[in-house]
Structure formats: C-alpha cells, structure tokens
Ligand code: 13P
C-alpha cells in the first residue's frame with residue numbers, strides 16, 4: 173500500500189523543553205501511524221529530540237544546512253554535524269530561505285548534492301509567489317526550481333529526494349491551493365522530472381504539498397493522485413493539530 177510522507181516543519185519555534193514535550197507526545201500518539209512521518213525542529217533542539225525519538229519510526233529532519241562540509245563558515249551547520257545528531261533528512265530551498273535569505277537555485281542545488289553525498293534525504297522545496305502565478309509564470313518558476321535544484325543528481329539518488337510544492341502565497345496565510353490546483357502543479361513537476369529521469373522515476377517520486385495544510389483539508393489534498401504527502405508548518409506545532417493530519421486515513 174502507498175504510504176504518504178507527512179513532515180512537520182517547526183520553523184523558528186520552541187525551546188528545547190517545548191520541542192522535547194511535543195516529540196514525546198507525537199511518539200506516543202503516532203506509534204502505529206501507517207505513514208512516513210518526520211519532524212524538523214530548530215537546530216538547537218535536534219539533539220534532545222533525537223534522544224526522544226530513539227526507537228520510534230518518526231524520522232528526524234533539519235530545516236536547513238550549510239553548503240560546505242566544514243570550514244570557516246560562521247553561523248552555519250554542516251551536513252556532518254546533522255548526521256552526527258541522527259538527522260535523516262533535510263529541508264532545502266524553503267521559500268522563507270529563498271526570499272528572506274536570498275538563497276539561489278545554485279546554492280540550493282549545492283546543498284542537495286551535499287546532502288545526498290552524505291546519505292541525508294533532501295526535501296527540495298519549490299513554489300511560486302502570487303505575483304508569479306498571476307503573471308502566468310508558475311510553470312517557468314517551478315520548472316526552473318526543479319531542474320536547477322536537481323542538477324547533477326543521479327537517477328539512483330533521485331529515489332532519496334522528495335520535492336515539496338509550497339506555493340508561497342499559501343504559506344502561513346490560511347489560503348490553501350485547491351486540491352485540483354495543487355494536483356495540477358504536482359503533475360507538472362512529475363512531467364518535468366519524467367523529462368529528466370524517465371517515466372518510472374517520475375512516477376516513483378514523492379511530491380509533498382505544503383501551505384496551510386490542516387486536519388480538515390489533508391484528506392482532500394492527499395486524495396489527489398499526484399499528492400504524496402504534506403509539509404506542514406503551523407499545524408505541526410501542536411500534537412492536537414499534527415496527529416490528525418498524519419492520521420488522515
Ligand atoms: P504552513 O503550514 O504554516 O502554511 O507552512 C507551510 C510551510 O512552510 C511548511 O514548510
């Protein structure tokens with residue numbers, strides 16, 4: 173049976189104690205969840221959450237990482253440091269990083285390749301702004317983010333990549349793309365990937381939707397053929413809102 177990939181991006185929220193408390197609750201309540209579940213706490217809470225999640229099927233993720241293995245890069249956190257803590261996946265190219273910290277497709281791609289080199293699963297985020305959508309540039313923007321983000325990724329490594337489609341205008345706004353609109357963009361992403369890696373690889377690719385996913389829209393979104401999971405922000409900050417999403421079926 174198909175399993176969905178439900179990830180919680182805790183963004184810049186929660187102290188270590190708060191992160192541990194939420195991780196404990198999720199571990200208890202999602203023990204028998206049939207989906208692939210991941211939580212991505214802030215860097216400061218990764219070690220403590222890793223400890224809590226030991227023996228659980230919930231995966232530990234990071235929200236970003238530096239583009240170099242090590243060296244004089246003040247303030248960055250490296251792939252080796254993440255692995256050292258038991259991190260298994262890393263969110264890369266989130267729109268908040270692209271827009272607030274000016275991360276380019278080239279930088280995001282460098283991180284994707286580095287994560288794969290060290291066996292971390294990248295979650296490559298793509299998505300258009302409202303202005304781009306209304307200007308008819310959705311496919312150009314998302315297509316470029318997909319192609320540039322995956323540049324140099326081997327066919328074997330593609331199997332470890334998840335793409336998260338997060339329309340920027342739907343993040344934290346309460347506006348969700350309709351399931352039909354989201355599915356159409358997911359189908360477009362799959363078509364682009366098919367052009368690069370072939371139909372079988374594109375079919376197998378996991379494409380998450382992100383942007384105001386809540387318990388009441390999760391089933392409708394994931395009921396669509398091209399939506400393979402969710403990348404959840406606000407609703408991942410409490411067990412009472414995240415658990416129903418991860419248990420949507
Ligand atoms: P919201 O679920 O708060 O809209 O955030 C989505 C997101 O950015 C997840 O990475």
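In the numbering used here, the protein residues as written are 173 to 421. No residue lacks a Cβ here, since even glycine has one placed at the ideal position from N, Cα and C.
Every unbroken beta strand (DSSP E) within the region 203-252, with a cutoff of 3 residues, ordered by chain: If only complete runs of 3 or more residues are kept, the region 203-252 shows the beta strand (DSSP E) at 208-212, 231-234, in order along the chain.
Whole-angstrom distance between residue 299 and residue 362, CA atom to CA atom: Spanning the alpha carbons of residue 362 and residue 299 requires a straight line of approximately 14 Å.
Residue 397, buried or exposed, once every other Cβ within 10 Å from all chains shown has been counted against 16: Exposure of residue 397 is indicated by the presence of fewer than 16 other C-beta atoms within 10 angstroms of its C-beta.
Closer than 7 Å: residue 217 CB and nearest the ligand 13P heavy atom: Incorrect: residue 217 has no Cβ contact closer than 7 Å to the ligand 13P.
Residue 305, buried or exposed, once every other Cβ within 10 Å from all chains shown has been counted against 16: With a threshold of 16 other beta carbon atoms within 10 Å, residue 305 meets it and is buried.
Enclosing alpha helix (DSSP H) for residue 381 [first to last residue]: Run containing residue 381: none in the alpha helix (DSSP H); it sits in the beta strand (DSSP E), 378-382.
Residue 345 - partner residues in DSSP beta bridges: Partner(s): none; residue 345 has no beta bridge.
Local Cβ density within 10 Å of residue 223, reported as buried at 16 or more and exposed below that: Residue 223 is exposed by the Cβ-count criterion.
Span of the alpha helix (DSSP H), counted from its first residue to its last, around residue 285: Residue 285: member of the alpha helix (DSSP H) spanning 277-289, first to last residue.
Alpha-carbon spacing of residue 339 relative to residue 370, whole angstroms: Approximately 25 Å, taken between the alpha carbons.
Residue 336 versus residue 403: straight-line alpha-carbon distance, rounded: Per the coordinates, the alpha-carbon of residue 336 lies some 7 Å from the alpha-carbon of residue 403.
Terminal residues of the alpha helix (DSSP H) in which residue 334 lies: For residue 334, no alpha helix (DSSP H) segment is defined; the enclosing uninterrupted segment is the beta strand (DSSP E) at 334-337.
Closest by C-alpha distance to residue 239, when choosing among 231, 230, 249, 233: Measuring from the Cα of residue 239, the nearest candidate turns out to be 249.
Sub-8 Å separation of residue 221 and residue 209 beta-carbons: Their beta carbons are not under 8 Å apart, which means residue 221 does not touch residue 209 by this criterion.
C-beta atoms of residue 399 and residue 355 nearer than 8 Å: When the beta-carbon positions are compared, residue 399 and residue 355 come within less than 8 Å of each other.
Sequence-ordered residues whose beta carbon comes within less than 6 Å of a heavy atom of the ligand 13P: Those residues having their beta-carbon less than 6 Å away from any non-hydrogen atom of the ligand 13P are, in chain order, 181, 266, 338, 343, 344, 382, 383, 384, 385, 403, 404, 405, 406, 407.
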